[in-house]
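Following: one structure in structure tokens, then a few remarks.
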Amino acid sequence: MKNKVNLKKVSDVVAEVLIEEKVSHVFVISGGASLHLIHSLADNENIQYICNHNEQASAMAADGYSRVSGNIGVTITTSGPGATNLITGICCSYYDSVPTLFITGQVSTSRMKGDTGVRQIGFQETPIVDVVKSITKYAYTINHPSEIKYQIQKALHIARSGRPGPVLIDIPDDLQRVNIESSLLNNFQPDIEQEKGKLTDTILDIMSMIKKSKRPVIIAGWGVHLSKTQSDFIKFAEDLNLPIALTWGAADLISFDHELYIGTFGTHGNRHANFAVQNADLIISFGSRLDTKSTGSPVNTFARKAKRIMVEIDINELNKFKKFDLKFDKLIHCDLKDFFDEVQKINIQKFFNKHDDWVNQINQWQEAFNAFDDRKNLSTTQVNPYNFVDRISDNLKENSKVIIDTGCSIAWFMQSIRTPKTVRVFHDFNNTAMGWALPASIGGYYADLGKSPIITIVGDGGFMMTSYELATAMHNNIPLKIFIMNNQGYSMIQQTQDQWLDSNYYASSKQGGISFPDFQKLSKAYNFKYFELKDDSDLHLVEEIFAYPKALICNVFIDNDFRVTPQVKFGRPNEDMGPLLPREMFNANMIIDPIN
């Protein structure tokens, strides 16, 4: 009697591998080359597909899903325009090191152009693997049905390992439909990791530098979250009494009322935090690539009198500073988990230094500069966004997820949000795509299985980029709380036009060519409850809005000339933010020599 052959459809294998990897939701748009993949998801009760209305939104939803869950976010789309529409979302994941898997359908193998030299043979054929190679960690077209399990497992391993990031698997339509013997499906086995280098001596050197330092600051970046070393980092800071400056990617790392919390720094950070970083005599950066928004420009003005140490998993990020003539005393290439594991083997208490005078100085800067900037009393006829952020902070419930779009919205929030310990804040920090927040909020909702409030903050310009995703939220009864920061234009662009282009608001204002719809009518069309805040006297309504249990849109009216303040103008060092401090006050507060 012959053994019964166990046949599996390739598209079914794809669904099974995703389930094995603990993926519960996949964001999809149907098309001729993705139907079999989507039908296999539909036929499996252990995984669910969510339909978006543009592949860009699917990619951003997968990105948001991964950020909130810490697991892989997955998208399935068709070939050609379906695949190319993914690119902006892929970039969001690539530049922020977010592990995501993009599965694209492709034309049947018999219709692929191969090396014929023609542009296209199959309908909607696009060589998506070639297109995305520079913005993915791995991209591969399946050539034989037996590869499918191996290649998806390999891609997922690559997405998660080292510095995480997006991967793409392209599957021709005819191969999706093939039935294959299970015995022919191979598993991917990752290489055995090489023994890691010893960090003990390096860490002891750092401890000695901390002991000798009078004005230390440690910096936390998004990599602290990615490496899941949040508690290790905070313990390290507390054990050594080290003030903590935060990049936007780590703005939610510690509670705002923690005694070592400085706040966010950089070109759109807080003035006192920039004074602390720039006047420090020792900077240790963990999990931040120290981009130009962190260092300012010219880059070599960053913490220019400090000893500088950087702990980073990507060797290329360590080497890039040669280009900017910025020297570091120690560049440590390692995973943060390995670093803190080694720290635990050392008695770091003997390196403790109170640094009380330094902590007091930072607190004095905060008090003095907050009084100077006086953001809560800035003149406005409508809502003061800083007061709005303050009221949002007052109403954040435990485990809330705040998902913020780009432009002035992110700057206002990152400068002034007060995050309790359990609240998370998300943004696509480096690609910073307009419209990311709404689809990312949908992804975040499914990542959290609806357990926590999702608060979406988006400017009117960004909202227009993906407002069609209100239909996805409506269809799936997702109770999003969407706040539209409505200043009738692109205020961040206008701020640049103020600085460099004589306040000519071309392509950034109504007079310059852009208009916006009636958001109340739009809310009604999608069955969202509508609220509006016309000026600061309406801010008491925020409590009612947070208590509303269903989907809502709140229109927050903001003067179109209300700007981010303070902000560094290009060419000035980070400590010299605009509006400029009176020179006597500025010079009196600088510890290192100012740059004139």
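Everything in the sequence shown is counted per the numbering used here, starting at 659 for the first residue and increasing by one. Built from N, CA and C at the ideal position, the CB exists for glycine as well. Computed from a prediction, not measured in an experiment: that's the story for all the values here.
Residue i to residue j span [Cα, whole Å]
i       : j       : result
Gln1024 : Val1200 : 27 Å
Asn1185 : Ser952  : 41 Å
Asn1245 : Val969  : 32 Å
Asp1194 : Phe1220 : 14 Å
Thr950  : Lys771  : 42 Å
Asn1045 : Ile800  : 53 Å
Gln809  : Ser669  : 13 Å
Pro1097 : Thr905  : 24 Å
Pro757  : Thr1124 : 22 Å
Ser627  : His815  : Absent from the structure is residue 627, since the part of the chain shown begins at 659 and ends at 1254.
Asn1254 : Ser737  : 56 Å
Lys1192 : Val1214 : 7 Å
Thr959  : Lys1034 : 30 Å
Cys992  : Arg947  : 13 Å
Phe1084 : Ala908  : 9 Å
Asp915  : Asn928  : 16 Å
Val726  : Lys1055 : 16 Å
Asn791  : Pro785  : Reading the sequence as shown, one finds Lys at residue 791 and not Asn. One C-alpha to the other measures close to 11 Å.
Phe1177 : Gly1229 : 39 Å
Leu1210 : Glu1202 : 12 Å
Neighbourhood of residue i by C-beta, 6 Å cutoff - its chain only, sequence neighbours within 5 removed
i       : result
Tyr1126 : His711
Glu1233 : Asn932, Phe933 and Gln936
Tyr1148 : Gly1119 and Ser1166
Pro1111 : Lys1055 and Ser1058
Unbroken beta strand (DSSP E) run spanning residue i, endpoints
i       : result
Met1143 : Lys1139 to Asn1144
Ala878  : Pro874 to Ala878
Thr1114 : Ile1112 to Gly1117
Tyr707  : Gln706 to Cys709
Glu1047 : Reading off the sequence, residue 1047 comes out as Val, not Glu. Element bounds for Val1047: not the beta strand (DSSP E) but the alpha helix (DSSP H), Pro1043 to Asn1053.
Lys1059 : Lys1059 to Ile1062
Chain-order list of residues whose beta-carbon lies under 7 Å from that of residue i (same chain, five-residue window excluded)
i       : result
Lys807  : Val671, Val675, Leu843, Asn844 and Asn845
Tyr1206 : Lys1187
Ile1216 : Gln1040, Val1041, Pro1043, Met1143, Asn1144 and Asn1145
Lys666  : Asn837, Ile838 and Ser840
Lys660  : With a pLDDT of 48 at Lys660, under the threshold of 50, the modelled position of that residue is not reliable, and the figure given next carries that caveat. Same-chain partners within the cutoff: there are none.
Gln1155 : Ser1161, Asn1162, Tyr1163 and Ser1166
Asn1247 : Phe933 and Trp1023
Ile973  : His991
Counterpart residues of residue i in DSSP-defined beta bridges
i       : result
Gly763  : Ile829
Gly921  : Ala903
Ser649  : The structure shown has nothing for residue 649, since the chain only spans 659 to 1254.
Asn1213 : Ile1142 and Glu1190
Gly1147 : Ser1167
Gly1236 : Gln1225
Pro824  : Thr758
Thr735  : Thr762
Asn837  : Lys667
Ala797  : Leu826
His683  : Gln706
Reference residue i, options the options, closest by Cα
i       : options                              : result
Val787  : Ile1203, Pro830, Ile892 and Phe1010  : Pro830
Thr1090 : Tyr752, Phe1189 and Ala741           : Tyr752
Lys985  : Val1001, Glu1000 and Lys965          : Lys965
Asp1255 : Lys812, His930, Pro901 and Gly1102   : Residue 1255 lies beyond the stretch modelled for the chain, which goes from 659 to 1254, so this question has no answer here.
Asn1028 : Glu805, Pro1237, Thr767 and Gln706   : Pro1237
Phe894  : Lys872, Gly855 and Ser943            : Ser943
Ala1069 : Ser737, Asp1176 and Val1047          : Val1047
Thr794  : Phe760, His916 and Pro824            : Pro824
Val882  : Val765, Asn1135, Gln1153 and Ile892  : Ile892
Thr1064 : Asp1106, Arg1082, Asp910 and Ile1151 : Ile1151
Phe997  : Asn1053, Lys886 and Ser1058          : Lys886
Thr1038 : Asn1088, Asp939 and Asn1218          : Asn1218
His956  : Thr784, Asp983, Gly945 and Ile967    : Note on residue identity: the sequence assigns Pro, not His, to residue 956. Checking every option, the nearest Cα to that of Pro956 belongs to Asp983.
Run of the alpha helix (DSSP H) containing residue i, from where it starts to where it stops
i       : result
Lys1179 : Phe1177 to Ala1183
Tyr723  : Glu713 to Ser727
Asn1018 : Asp1014 to Asp1031
Leu665  : First-last for Leu665: Leu665 to Lys667, but that is the beta strand (DSSP E), not the alpha helix (DSSP H).
Gly1102 : Ala1095 to Ala1105
Lys869  : Thr858 to Lys870
Asn932  : Arg929 to Asn937
Lys807  : Ile806 to Arg818
Lys995  : Leu994 to Val1001
Ala894  : The question names Ala, yet the displayed sequence has Phe at residue 894. Its alpha helix (DSSP H) spans residues Gln888 to Leu898.
Contacts around residue i, its chain only, beta-carbon distance under 8 Å, and the 5 residues preceding and following it disregarded
i       : result
Ser688  : Ile696, Cys709 and Thr736
Ala813  : Leu759, Tyr796, Tyr798, Val825, Leu826 and Ile827
Pro1078 : Ser913, Phe914, Leu1054 and Glu1056
Gln1225 : Thr925, His926, Ala1069, Gln1153, Met1235 and Gly1236
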